[in-house]
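Trainee: With the working numbering applied, the sequence shown covers 89 to 163.
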Amino acid sequence: MNDTLYGHGDGFLTRDNGQRLFPIGFYEHPAEDDALRDMAESGVNLVMCGSVEAFDRAHARRERHLVLGLQLYEG
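#1: Per DSSP, what are the beta-bridge partners of Tyr115 in this structure?
#2: Determine, using beta carbons only, whether Pro111 and Leu124 come nearer to each other than 7 Å.
#3: Beta-carbon within less than 8 Å of Arg108's beta-carbon, same chain only, minus the 5 sequence neighbours each way: which residues are those?
#4: For Arg149, which of helix, strand or coil comes out of DSSP?
#5: Cα-Cα, which of Ser139, Arg149 and Gly97 is closest to Leu131?
#6: Taking the alpha carbon of Gly106 as the reference point, which residue from Gly97, Thr92, Asp98 and Ala119 has its own alpha carbon closest?
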């Protein structure tokens, strides 16, 4: 799955396949997998990732729940 997104200034993001996405995100990245799953099932599709491990957890949910992880870590 290609995770390239494009912004057009209207508040929506567009994926390579043309699908438009309204970002609903959190700065919090829960430590528990159940909490991350609950957030995803509630419509959250963007979470901040402060580490490689957090990004990997969000990335593992992307196909089922379209959770996108923002890579905000050093390294």
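Even glycine gets a Cβ: it sits at the ideal position worked out from N, Cα and C.
Quick caveat: nothing in here was measured; it's all calculated off a predicted structure.
Mentor: Judging by the given coordinates:
#1: Start at 1 with the first residue of the sequence shown, and residue 115 comes out as number 27. Residue pairing by DSSP places Tyr115 opposite no residue, since no beta bridge is assigned to it.
#2: Position 23 of the sequence shown, counting from 1, holds the residue named residue 111. Position 36 of the sequence shown, counting from 1, holds the residue named residue 124. Leu124 sits away from Pro111, with the two beta carbons spaced by 7 Å or more.
#3: For the purposes of this step, residue 108 is taken as residue 20 along the sequence shown, with counting starting at 1. Counting only Cβ-Cβ distances below 8 Å, and skipping sequence neighbours, we find Phe100, Leu101 and Thr102.
#4: By 1-based counting over the sequence shown, the position of residue 149 is 61. The DSSP-derived three-state label of Arg149 is coil.
#5: Taking the sequence shown and counting its residues from 1, one reaches residue 131 at position 43. It is worth fixing the name first, because residue 131 is Gly in this sequence and not Leu. Ranking Ser139, Arg149 and Gly97 by CA distance to the CA of Gly131 puts Arg149 first.
#6: Residue mapping note: residue 106 aligns to position 18 of the sequence shown, counting from 1. Residue Thr92 is the option with its Cα nearest to Gly106.
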